[in-house]
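With the sequence shown counted from 1, adding 1 to any position gets you our numbering. For reference, the structure is listed below as structure tokens.
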Amino acid sequence: MAPAPLRPSGVRAATVAAAAAATVAIAGPSSAVPAPDPPAPSCGTPADGGFPLDTRIHGGPADYPAGGPFQAWKLDLTNATDASCSGVHPVLVLTDRDRALRAEQIRFEFYDAGSSRWRPVAFEATEEAENVGAFTGFGGFAVPAGRTLTVPVRLTFEAETAPDEVVVNAAVVQRRGEDGDWIGESGDYRLTVRPAEPAEPAAPTAPDTSGPPDPSVPPAEAARPPAPTVSGTAPAQNPADVAQGPELASTGRESEGYARVLVPLAAGLVLLGAVLVRTVRRPRHR
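If you want it as structure tokens, here you go:
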């Protein structure tokens, strides 16, 4: 059974039509020999006659500094019907308060789990000053019946983007041959583009006050400490004492004092020994 006719809600019908045309463009140019048409993807019929997919944006921050890093959030695609829905291509619609946001200032990527890579989304401006970007470059998402598919996405704005208030809305289009059906739409995600954050100043460095080295002084001499000087009134010292230090010089002075006492004593002892020898050798009278 074909799905019930869909009526645009928060997003303009012309915008969604342009998005559906963008998703159809991924099929590429037709070949000379037409291939047989693949089975047309379909979604189940919701009981309330609304969209087959419930779409929700969540987890995104409120502020985006211009020129800042990617900010991550998620897009939920929930299939509340009793049939699988394939060939699903979300479409982002960005509407800014000042109508100053340009398509080339938007940087957006979604994660394609099938190829394990982030895919960029190119945006185009509409006649209503809205910026529309379709998830293209792959075959589309498949959402099983009664299941929710969560698509990781990330968004940032170029550094020259002016401060502004932006509303993000996600429409969901299912490609059907050369046409596309509008099968879902999210609520509004409101964010603020802030001015670019100033770069952190570099830490100040201490000025070099050492000055250039004196070219007339060889490097070895310049690094050598000054030689000691001797005053003119101090008594001259024995070079050996100066070389050996004050402790050895003091020891030498004490040795000289001992010599003055011991030399005469030693001489007297030698003389006394000679007298005793002569006395012992004198012949005895009988």
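Ideal Cβ placement from N, Cα and C applies to all residues, glycine included.
Ala104, DSSP secondary structure in three states: For the purposes of this step, residue 104 is taken as the residue at position 103 of the sequence shown. Three-state result, Ala104: helix.
Excluding five sequence neighbours on each side, which residues of the same chain lie with their C-beta closer than 7 Å to the C-beta of Ser187? The residue labelled residue 187 in the question sits at position 186 within the sequence shown. These residues qualify, in order along the chain: Thr56, Arg57, Ile58, Asn170, Ala171.
For the region 82 to 92 against the region 158 to 165, are there 3 or more C-beta pairs whose distance is under 8 Å? Because the criterion of three Cβ pairs below 8 Å is not met, the region 82 to 92 and the region 158 to 165 do not touch.
Counting only the same chain and skipping the five closest in sequence on each side, list residues whose C-beta sits under 8 Å from that of Asp165. Counting from one through the sequence shown, the residue named residue 165 turns up at place 164. In chain order, Asp97, Arg98, Asp99, Ala101, Leu102, Thr193, Val194 place their CB closer than 8 Å to the CB of Asp165, counting only its own chain and leaving out the 5 sequence neighbours on each side.
Label Ala67 either buried or exposed according to how many other C-beta atoms from any shown protein chain fall within 10 Å of its C-beta, with 16 as the threshold for buried. Your numbering for residue 67 matches position 66 in the sequence shown. Answer is buried; the Cβ neighbour count reaches 16.
Does Glu105 pass the burial test, meaning 16 or more other C-beta atoms within 10 Å, or should it be called exposed? In the sequence shown, the residue the question calls residue 105 occupies position 104. Glu105 should be labelled exposed.
Going by DSSP, what residue range makes up the beta strand (DSSP E) through Thr162? Numbered from its first residue, the sequence shown carries residue 162 at position 161. Note, Thr162: premise wrong, no beta strand (DSSP E); not H, not E.
Please work out which residues of its chain come closer than 7 Å, Cβ to Cβ, to Ala123, disregarding the five sequence neighbours upstream and downstream, and give them in chain order. Against the sequence shown, residue 123 aligns to sequence position 122. Closer than 7 Å at the Cβ level, and outside the excluded window around Ala123, lie Gly134.
In terms of DSSP beta bridges, what is Arg57 paired with? Numbered from 1 along the sequence shown, position 56 holds the residue referred to as residue 57. In DSSP, Arg57 forms a bridge with Asp77.
Which residue's Cα is closest to the Cα of Ala48: Pro153, Arg108, Gly147? As a first step, residue 48 is located in the sequence shown; it is residue number 47 there, counting from the start. That would be Gly147, whose Cα lies nearest to the Cα of Ala48.
Alpha-carbon spacing of Trp119 relative to Lys75, whole angstroms: The residue labelled residue 119 in the question sits at position 118 within the sequence shown. The residue labelled residue 75 in the question sits at position 74 within the sequence shown. In a straight line, the C-alpha of Trp119 is about 14 Å away from that of Lys75.
My understanding is that Gln72 touches Gly88, with C-beta atoms under 8 Å, so please give their C-beta distance in whole angstroms. The sequence position of residue 72 within the sequence shown is 71, counting from 1. The sequence position of residue 88 within the sequence shown is 87, counting from 1. Not confirmed; about 29 Å, so no contact.
Which value, in whole angstroms, describes the spacing of the CA atoms of Tyr190 and Val144? Here the question's residue 190 lines up with position 189 in the sequence shown. Here the question's residue 144 lines up with position 143 in the sequence shown. Near 23 Å, if we compare the C-alpha coordinates of Val144 and Tyr190.
Please state the DSSP three-state secondary structure of Glu128. One-based indexing of the sequence shown puts residue 128 at position 127. Assigned with DSSP and collapsed to three states, Glu128 falls in coil, not helix or strand.
Start and end of the beta strand (DSSP E) containing Gly88? The residue you call residue 88 lines up with position 87 of the sequence shown. Following the DSSP letters along the chain, one finds Gly88 inside the beta strand (DSSP E) bounded by residues 86 to 97.
Between the beta-carbon of Leu78 and the beta-carbon of Thr137, is there less than 8 Å? If you number the sequence shown from 1, residue 78 lands on position 77. If you number the sequence shown from 1, residue 137 lands on position 136. No; because the gap between Cβ atoms is not below 8 Å, this pair is not in contact.
Would you mind reading off the limits of the beta strand (DSSP E) that contains Arg118? For the purposes of this step, residue 118 is taken as residue 117 along the sequence shown, with counting starting at 1. For Arg118, the enclosing beta strand (DSSP E) stretches over residues 118 to 122.
With a threshold of 16 other CB atoms inside 10 Å of the CB of Gly141, please say whether the residue is buried or exposed. Counting from 1 along the sequence shown, the entry for residue 141 is found at position 140. So Gly141 counts as buried.
Could you compute how far the alpha carbon of Thr151 sits from the alpha carbon of Val173? As a working mapping, residue 151 is identified with position 150 in the sequence shown. As a working mapping, residue 173 is identified with position 172 in the sequence shown. About 14 Å.
What distance in whole Å lies between the Cβ atoms of Gly185 and Leu54, which are believed to be in contact at a cut-off of 8 Å? In the sequence shown, the residue the question calls residue 54 occupies position 53. In the sequence shown, the residue the question calls residue 185 occupies position 184. Yes, Leu54 and Gly185 are in contact; Cβ-Cβ is about 4 Å, under 8 Å.
Helix, strand or coil: which one does DSSP assign to Phe142? Numbered from 1 along the sequence shown, position 141 holds the residue referred to as residue 142. It is a strand residue.
Return the Cβ separation of Glu110 and Val154 in integer angstroms, given the expectation that the two are a contact with Cβ distance under 8 Å. For the purposes of this step, residue 110 is identified with residue 109 of the sequence shown, where counting begins at 1. For the purposes of this step, residue 154 is identified with residue 153 of the sequence shown, where counting begins at 1. Rounded, the Cβ-Cβ distance is 7 Å, consistent with contact.
Given a threshold of 16 other Cβ atoms within 10 Å of its Cβ, counted over all protein chains shown, does Pro70 qualify as buried or as exposed? Within the sequence shown, numbered from 1, the residue matching residue 70 stands at position 69. By the 16-neighbour rule on beta-carbons within 10 angstroms, Pro70 is exposed.
Nearest-angstrom beta carbon gap, Glu131 and Val94 [assumed within contact, 8 Å]: Residue numbering aside, residue 94 sits at position 93 when the sequence shown is read from its first letter. Residue numbering aside, residue 131 sits at position 130 when the sequence shown is read from its first letter. Their Cβ separation, rounded to whole angstroms, is 6 Å, which keeps Val94 and Glu131 in contact under 8 Å.
Name the DSSP bridge partner or partners of Phe71? Walking along the sequence shown from the start, residue 71 turns up at place 70. Paired residues: none, contrary to the question.
In this structure, how does DSSP classify Asp83 when only helix, strand and coil are distinguished? Position 82 of the sequence shown, counted from the start, is the residue given in the question as residue 83. If DSSP states are grouped into helix, strand and coil, Asp83 belongs with coil.
Going straight from the alpha carbon of Arg108 to that of Pro121, what length do you get? Start at 1 with the first residue of the sequence shown, and residue 108 comes out as number 107. Start at 1 with the first residue of the sequence shown, and residue 121 comes out as number 120. Their backbone Cα atoms lie some 8 Å apart in a straight line.
By the 10 Å Cβ neighbour count, where 16 or more other Cβ atoms means buried, how is Pro91 classified, buried or exposed? What you label residue 91 is simply residue 90 of the sequence shown in a count that begins at 1. That one is buried.
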